[in-house]
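Trainee: Residue numbering for the sequence shown follows our numbering, starting at 1 and increasing by one per position.
Don't be surprised by glycine CBs; every beta carbon is placed ideally from N, CA and C.
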Amino acid sequence: MTLFEAIVFGIIQGITEFLPVSSTAHIVITQLVFGYTFPGLAFEIYLHMASVLAVIMYFWKDLWSVIQGFFKFIIYRSKEDKVPFFFGVYILIATFITGVLGMLLSDFIADAMKTPALIAASLTVTGLALIFIERFHRLGHRDESSMNGLDAVIVGLGQTIAVIPGISRSGATLVASLLMGLNRDTAVRYSFLLAIPVILGSSILALDEFSAGMLNYIGPFNLFISFIVCFFFSLLGIIWLINFLKKSKLIYFAIYCFIVAILVYTLIDPSTVMDV
């Protein structure tokens, strides 16, 4: 891998990880543009770690509040710690559902399904879901103090669907959260905080993918630069998305998904089996 390619992959992964446009689809498209195939999933997981580090850094106060409140409520049963305790429980419930079902479903997603047609169809589904939640569903007003176990289950199931190549994880969790009547700020915060255990958990399960071969194949310096670039653009993507959603609509992401879906379906050989 050249330094230029390492930088491009870092930018693509970072900027698309938390936008509702499917980072997996964009990484696959970038691979095809460069005619490049990763040796296993190690490099993608490595970049995901840079993205989750960006989330932890940006939301560290929220994360610490949830962790602190979670354990303080267990110990002291104080009323002021009840909301962060249950918010932490709902993060754990959604993560558990995603982890268990994700591992089961991943066995059924055969290589034959990882095609341009599937990627295009999945991006289209993501776009349609974003339009539905924006145009045909009344905006909710519930915050984390009124969340319940059903919210966590539905969001966990929505997040599980993102194992399908082209379905956006952030898009699925946002749509599911808004569908359950959460307000936009709570839905965005819940989606971002859910990314931390999900990405960390999948990375731990895939530790056997890491090897000296990956280091030699990509190069130590390229790995370092791609990590820094991915971290920076992940942080940029988080800040931009939060500010964007305060004054704009999800429908613009839907239009973007449709455009990418058309490009994938028309410009990439349909017989190509994508490595995702």
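#1: Can you tell me the Cα-Cα spacing of GLN13 and SER177, whole angstroms?
#2: Decide if the segment 86 to 104 is in contact with the segment 197 to 205; the criterion is three or more beta carbon pairs, one per stretch, under 8 Å apart.
#3: Hey, which unbroken runs of the beta strand (DSSP E) at 3 residues or more fall wholly within the segment 71 to 153?
#4: ARG135 and ILE251 look like a contact to me (Cβ under 8 Å); what is the Cβ gap, rounded to whole Å?
#5: Identify the continuous alpha helix (DSSP H) that holds LYS247 and give its terminal residues.
#6: According to the Cβ coordinates, are PRO165 and SER226 closer than 8 Å?
#7: For the alpha helix (DSSP H) that ALA6 lies in, which residues bound it at each end?
#8: For the alpha helix (DSSP H) that contains ILE27, what are its first and last residues?
#9: Excluding the 5 residues flanking ALA129 on each side, which residues of the same chain have their C-beta closer than 6 Å to its C-beta?
#10: Check whether the Cβ atoms of ASN183 and ASP151 sit closer than 8 Å, and answer yes or no.
#11: Which partner residues does LEU182 have in the DSSP bridge list?
#12: In the DSSP assignment, find the unbroken alpha helix (DSSP H) run with VAL260 in it and report its ends.
#13: Would LEU19 and LEU241 be called neighbours here (beta carbons separated by less than 8 Å)?
#14: My output table needs one value for VAL276: the three-state DSSP class, helix, strand or coil.
#15: Using the Cβ count rule (16 or more neighbours within 10 Å means buried), how would you classify PHE43?
#16: Measuring only the C-alpha atoms, how far is THR24 from LEU63?
#17: Given that a residue counts as buried once 16 or more other Cβ atoms are within 10 Å of its Cβ, and exposed if not, what is THR2?
Mentor: Taking the structure as given:
#1: To locate residue 13, count along the sequence shown from 1; it is residue 13. To locate residue 177, count along the sequence shown from 1; it is residue 177. Whole-angstrom Cα-Cα distance: 24 Å.
#2: yes
#3: none
#4: Taking the first residue of the sequence shown as 1, we reach residue 135 at position 135. Taking the first residue of the sequence shown as 1, we reach residue 251 at position 251. Correct: roughly 7 Å between the Cβ atoms.
#5: Along the sequence shown, one-based indexing puts residue 247 at 247. Residues 220 to 247.
#6: As a working mapping, residue 165 is identified with position 165 in the sequence shown. As a working mapping, residue 226 is identified with position 226 in the sequence shown. It is not a contact, given that the beta carbons lie outside the stated cut-off.
#7: Walking along the sequence shown from the start, residue 6 turns up at place 6. Run containing ALA6: 3 to 16, per the alpha helix (DSSP H) assignment.
#8: To locate residue 27, count along the sequence shown from 1; it is residue 27. Unbroken alpha helix (DSSP H) run through ILE27: 23 to 34.
#9: For this step, residue 129 is matched to residue 129 along the sequence shown. Within the same chain, ALA129 has close Cβ partners VAL175.
#10: The residue labelled residue 183 in the question sits at position 183 within the sequence shown. The residue labelled residue 151 in the question sits at position 151 within the sequence shown. Going by C-beta atoms, ASN183 is not nearer than 8 Å to ASP151.
#11: Start at 1 with the first residue of the sequence shown, and residue 182 comes out as number 182. According to DSSP, which records beta bridges pairwise, LEU182 is partnered with ARG142.
#12: As a position in the sequence shown, residue 260 is number 260, starting the count at 1. From DSSP, the alpha helix (DSSP H) with VAL260 extends over 251 to 267.
#13: The residue you call residue 19 lines up with position 19 of the sequence shown. The residue you call residue 241 lines up with position 241 of the sequence shown. Yes, the Cβ-Cβ distance between LEU19 and LEU241 is below 8 Å.
#14: To locate residue 276, count along the sequence shown from 1; it is residue 276. With a pLDDT of 47 at VAL276, under the threshold of 50, the predicted position of this residue should be treated as unreliable, though the coordinate-derived value follows. DSSP places VAL276 in coil when its eight states are reduced to three.
#15: In the sequence shown, counting from the first residue as 1, residue 43 sits at position 43. The residue in question, PHE43, is buried, as its Cβ has 16 or more Cβ neighbours within 10 Å.
#16: Along the sequence shown, one-based indexing puts residue 24 at 24. Along the sequence shown, one-based indexing puts residue 63 at 63. The straight-line gap from Cα to Cα measures roughly 26 Å.
#17: As a position in the sequence shown, residue 2 is number 2, starting the count at 1. Its Cβ having fewer than 16 others within 10 Å, THR2 is exposed.
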